[in-house]
Amino acid sequence: MWLIVALLLAFLLLLLWASELPTLLSLLGTLFISAFLARFAGMFLFGRSTQAAMPATRATTQPKASGEKKEVSVIFGSQTGTAEMFAKTLVREGTRLGVSTKLIDVENYERGDLEYERLVIIVCATYGEGEPTDSMKEFHDWLMDDTRIPDEELRNVKYAVFGLGDRQYRYFCEEGIAVDRRMAELGAQRIYGLGCGDAGQNIEEEFDEWRRDLWPAVGCMLGIQLRQFTEEPVEPECRMKMWDASEEAPLPFPKLASVLEPTQRLPAWVPMVTNVELLRNTTERSTRHIELDIEGTIISYQSGDHLGILPHNTDAMVDAYLQILGLSGEDASQVFSLQDKTGKNVFPARVTVRTALKWYIDLAGHPKKSTLRAFAHFAKDPAEKEALLKLLLLEPQSMKEFAKLSAKLWNIHGFLRKYRSISLPLEFFLEMMPRIAPRYFSISSDLLSHPHSVSITAAIIQGGLCTGMLREMPCGEKIPVFVRKSKFHLPLRAKERPIVMIGPGTGVAPLIGFLHRRNAWKKRGNELGKAMLFFGCRRKDEDHIYSDFMRECLTNGTLSVLDVAYSREQEAKVYVQHRVRTREDEIWEILRDGGNLYLCGDAKYMAKDVEEALVEIVQKKAPMSEEEAKAYFVKLHENDHYLKDVWSSS
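The number in our numbering is simply the position in the sequence shown, starting from 1, with 1380 added.
Put into structure tokens, the structure is as follows:
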């Protein structure tokens, strides 16, 4: 009965997509259908072998069992995998120190158990402009709920928090700060101060310093004498179990039913239909326009959302690791499952060793010190072991030498080739290596103008896992994707509202999507407000991407003003912030009249320089002081009149 109702809703949803009003209704309908059918699919389609691929049942307010827990729960909320890696480090260290620990992904945490925790250590990342990660959002909303009882609800709980962030963003470590503060408000007792790590600097060193003094506080709180660290190899936390070849999962991710909205755990497999170079007259750099065919899926999006892509390692990379690990072709074809100490599968399904290395393990990234430190204990040559451990010390000289060597060796494979006496058990290698995290790209199309496709603009990064894969991928090949909704959208109910858009380089991608949406609105007879676009690149004949489309929009009235900064066509470099200053009257008029401001691109330099120019404009035109002008933009941001889609390259 429920399945029939859900299918009828899905059918109605597809019929409604053709018009503007139902775009909003479709999002709500999709959420309902996906939530219901994901549970149905998990029960009847995938079975036990893919259990780990499905989200755990959401927590109720009742704990599984009453009574205080004896173990220390280490809970992580991760976006790129770093918070998860730090949490695993704490669990392994706790075990070696004689502390009973349990690793928990916050997405699978029974939140009603929180008040029964004896000691909880929370490691959480901040996403974007002070937001929780995707996996952390439900826990965050539950914890911050006003119905929680202050000073009472968590009065028996002890805790510590380490937050991850990036100082290039305005709200550095906001999620860690918020969780730490809220735990205290609910009566929990902090046993050790909040730690904050900066991804743009030395986040591993900051975490190492924090956890070094954390453990004495844990021992004191538990009333136990911690064991001394030993130089013996760390025992694997996970256990490998071999299976018959017939047990292998047919795909690295479960195949998605066509009536489900794709997610990170259940992505849609869609073919690439366009893969073209956007730059001209240069071989030094590459930026590609990628278009994917989404017909037959229930993917819904609008310009400003992000496309999540689940990349994979190349076969050549996998072969190189198989060789360095001493594994044969027969070994690589073995079907296995990897289970943690609670019996849960680490990977989404029973897969071959080759599939695990290709789809789940990040083989291309720069190595983390914690991973190398664990691997060093498996070196058979004492001199190699000593040399590697010395390289990983927190001393300034060691840190300098490590940075230099890491840039040269690039990834774990390079280090294993240099320190050849390291002999790793396969299960420990798979346990310790970071997982492949989804890569997110701003969508440069819009569903109103591209109902059967989605496009992104990808700057190819040397050694980059995902962009390297996209560069070489032929049209017709399928990749797993999903959409992450954002707030970086045009005002659907105020099409006549004037807007200012600023996005140099690939930062223009979502703004190109905006122009596609405005084109669709214009064709439907909607009256549009003034639209200014500031774009920046090096040279007109080299990297002015989407130039023809920009001129087309300028001609048909979709775009009112196009102002381009070519930084290297004259002796003095000109950037978008310089062009913004020349249009102060027009910009102030739009802001004063309640328009929207959109900024997209590099957070480290461009965003700061543009904001400085905007503050100067408001100071001059309002007029007001610098502090008042900065507060003015904070208020615009809070009221969704100033929206940013910025990222850090660190």
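Glycine included, C-beta positions come from ideal geometry on N, C-alpha and C.
Item to check | Proximal residues to Thr-1475 (C-beta, below 7 Å), its chain only, five neighbours per side dropped | outcome: Sequence index remark: in the sequence shown, residue 1475 carries index 95 (1-based). Closer than 7 Å at Cβ, skipping near neighbours: Thr-1481.
Item to check | Neighbourhood of Asp-1989 by C-beta, 6 Å cutoff - its chain only, sequence neighbours within 5 removed | outcome: Against the sequence shown, residue 1989 aligns to sequence position 609. So the qualifying residues of the chain are Gln-1957.
Item to check | Where the beta strand (DSSP E) through His-1830 begins and ends | outcome: Within the sequence shown, numbered from 1, the residue matching residue 1830 stands at position 450. Counting along the chain, His-1830 falls outside any beta strand (DSSP E), and DSSP gives it neither H nor E.
Next on the checklist: Quick check: Arg-1797 and Ile-1704, are their CB atoms within less than 8 Å of each other?
Outcome noted: Sequence index remark: in the sequence shown, residue 1797 carries index 417 (1-based). Sequence index remark: in the sequence shown, residue 1704 carries index 324 (1-based). Between Arg-1797 and Ile-1704, the C-beta spacing is below 8 Å.
Item to check | Phe-1552 burial status per 10 Å Cβ neighbour count (16 or more: buried) | outcome: Taking the first residue of the sequence shown as 1, we reach residue 1552 at position 172. Under this definition Phe-1552 is a buried residue.
Checklist entry - If you draw a straight line from the C-alpha of Ser-1717 to the C-alpha of His-1520, how long is it? => result Along the sequence shown, read from residue 1 onward, the residue named residue 1717 stands at position 337. Along the sequence shown, read from residue 1 onward, the residue named residue 1520 stands at position 140. Ser-1717 and His-1520: Cα-Cα distance of roughly 32 Å.
Checklist entry - To the nearest whole angstrom, what separates the beta carbons of Pro-1890 and Asp-2025, a pair I think is in contact under 8 Å? => result Start at 1 with the first residue of the sequence shown, and residue 1890 comes out as number 510. Start at 1 with the first residue of the sequence shown, and residue 2025 comes out as number 645. In this structure Pro-1890 is in contact with Asp-2025, their Cβ atoms being roughly 6 Å apart against a cut-off of 8 Å.
Next on the checklist: Measuring alpha carbon to alpha carbon, tell me which residue in Met-1912, Gly-1844, Met-1881, Leu-1828 is nearest Leu-1872.
Outcome noted: On the sequence shown, residue 1872 is found 492 positions in, with the first residue counted as 1. Closest option to Leu-1872, Cα to Cα, is Leu-1828.
Checklist entry - What three-state label does DSSP hand Pro-1596 in the structure shown? => result In the sequence shown, the residue the question calls residue 1596 occupies position 216. Helix.
Checklist entry - By Cβ distance below 6 Å, which residues in the same chain neighbour Gln-1569 in space, the five residues on each side in sequence not counted? => result Locating residue 1569 in the sequence shown gives position 189, counting from the first residue. Within the same chain, Cβ atoms closer than 6 Å to the Cβ of Gln-1569 are found at Lys-1538, the five residues on either side in sequence being excluded.
Checklist entry - Just to confirm, are Leu-1850 and Ile-1670 a CB contact at a threshold of 8 Å? => result If you number the sequence shown from 1, residue 1850 lands on position 470. If you number the sequence shown from 1, residue 1670 lands on position 290. Closer than 8 Å, so yes.
Checklist entry - Which residue from Ile-1892, Arg-1665, Ala-1754, Thr-1735 puts its Cα closest to that of Ser-1803? => result Position 423 of the sequence shown, counted from the first residue, corresponds to residue 1803. Per the C-alpha coordinates, the member of Ile-1892, Arg-1665, Ala-1754, Thr-1735 positioned closest to Ser-1803 is Ala-1754.
Checklist entry - So what's Ile-1679 in DSSP terms, helix, strand or just coil? => result Taking the sequence shown and counting its residues from 1, the one referred to as residue 1679 is at position 299. In this structure, Ile-1679 counts as coil in the three-state DSSP scheme.
Checklist entry - Looking only at its own chain, which residues have a Cβ that is under 7 Å from the Cβ of Glu-1565, when we skip the five neighbours before and after it? => result Mapped onto the sequence shown, residue 1565 falls at position 185. Around Glu-1565: Pro-1530.
Next on the checklist: Whether or not the stretch 1819-1838 and the stretch 1675-1690 are in contact is what I'm after, with contact meaning three or more pairs of Cβ atoms, one per stretch, closer than 8 Å; do they touch?
Outcome noted: As far as the Cβ criterion goes, the stretch 1675-1690 touches the stretch 1819-1838, which means the pair count is three or higher.
Item to check | the stretch 1655-1668 contacting the stretch 1621-1636, beta-carbon criterion three pairs below 8 Å | outcome: They do not touch, by the three-pair rule.
Item to check | Integer Cβ distance of Pro-1642 from Val-1861, believed to fall under 8 Å | outcome: Mapped onto the sequence shown, residue 1642 falls at position 262. Mapped onto the sequence shown, residue 1861 falls at position 481. Here Pro-1642 really is in contact with Val-1861; their C-beta atoms are around 7 Å apart, less than 8 Å.
Checklist entry - On the premise that Lys-1903 lies in contact with Pro-1878, defined as a C-beta separation below 8 Å, what is that separation, rounded to the nearest angstrom? => result Within the sequence shown, the letter at position 498 stands for residue 1878. Within the sequence shown, the letter at position 523 stands for residue 1903. Rounded to whole angstroms, the Cβ separation of Pro-1878 and Lys-1903 is 20 Å, and the two are not in contact under 8 Å.
Checklist entry - Comparing alpha-carbon positions, which option in Trp-1590, Gln-1459, Val-1653, Gly-1887 lies nearest His-1832? => result On the sequence shown, residue 1832 is found 452 positions in, with the first residue counted as 1. Ranking Trp-1590, Gln-1459, Val-1653, Gly-1887 by Cα distance to His-1832 puts Val-1653 first.
Checklist entry - What span of residues does the alpha helix (DSSP H) with Ala-1463 cover, start to end? => result Along the sequence shown, one-based indexing puts residue 1463 at 83. 1462-1477 is the extent of the alpha helix (DSSP H) around Ala-1463.
Checklist entry - Leaving out five residues before and five after Phe-2013 in sequence, what residues of the same chain have Cβ atoms less than 8 Å from its Cβ? => result By 1-based counting over the sequence shown, the position of residue 2013 is 633. Correct list, in chain order: Glu-1991, Leu-1994, Val-1995, Val-1998, Tyr-2022.
Checklist entry - Under the DSSP definition of a beta bridge, which residues are partnered with Trp-2027? => result Within the sequence shown, the letter at position 647 stands for residue 2027. Answer by DSSP bridge pairing, in chain order: Asp-1982.
Checklist entry - Anyone know if the C-beta pair for Pro-1747 and Ser-1778 falls short of 8 Å? => result In the sequence shown, residue 1747 corresponds to position 367, counting from 1. In the sequence shown, residue 1778 corresponds to position 398, counting from 1. Not a contact, by the Cβ cut-off of 8 Å.
Checklist entry - Going by DSSP, what residues sit across from Pro-1860 in a beta bridge? => result For the purposes of this step, residue 1860 is identified with residue 480 of the sequence shown, where counting begins at 1. Pro-1860 is bridged to Trp-1649.
Checklist entry - Can you give the Cα-Cα distance for Gln-1459 and Gln-1842, rounded to whole angstroms? => result Within the sequence shown, residue 1459 is the residue found at index 79, counting from 1. Within the sequence shown, residue 1842 is the residue found at index 462, counting from 1. Computed Cα separation, rounded: 22 Å.
Checklist entry - Closest to Tyr-1799 by CA distance: which of Glu-1811, Ser-1824, Ser-1825, Ala-1763 is it? => result The residue given as residue 1799 occupies position 419 in the sequence shown. For Tyr-1799, the nearest C-alpha among the options comes from Ala-1763.
Checklist entry - If Ala-1463 and Cys-1504 are in contact, beta carbons under 8 Å, what's the gap, nearest whole angstrom? => result Against the sequence shown, residue 1463 aligns to sequence position 83. Against the sequence shown, residue 1504 aligns to sequence position 124. Rounded, the Cβ-Cβ distance is 6 Å, consistent with contact.
Checklist entry - Mind checking whether Phe-1587 and Phe-1466 have CB atoms under 8 Å apart? => result Reading the sequence shown from its first residue, position 207 is the one you call residue 1587. Reading the sequence shown from its first residue, position 86 is the one you call residue 1466. Contact flag set, yes.
Next on the checklist: My output table needs one value for Arg-1570: the three-state DSSP class, helix, strand or coil.
Outcome noted: Along the sequence shown, read from residue 1 onward, the residue named residue 1570 stands at position 190. Residue state, collapsed to three classes: strand.
Next on the checklist: With a threshold of 8 Å, are at least 3 pairs of Cβ atoms found where one atom belongs to the stretch 1919-1926 and the other to the stretch 1844-1859?
Outcome noted: The stretch 1919-1926 makes no contact with the stretch 1844-1859; the number of CB pairs closer than 8 Å stays below 3.
Checklist entry - For Tyr-1496, which of helix, strand or coil comes out of DSSP? => result Numbered from 1 along the sequence shown, position 116 holds the residue referred to as residue 1496. When secondary structure is reduced to three states using DSSP, Tyr-1496 falls in the helix class.
Checklist entry - Going by alpha carbons, who is nearest to Leu-1499 out of Trp-1595, Ala-1579, Val-1715? => result Counted from its first residue, the sequence shown places residue 1499 at position 119. Of Trp-1595, Ala-1579, Val-1715, the residue nearest in Cα terms is Trp-1595.
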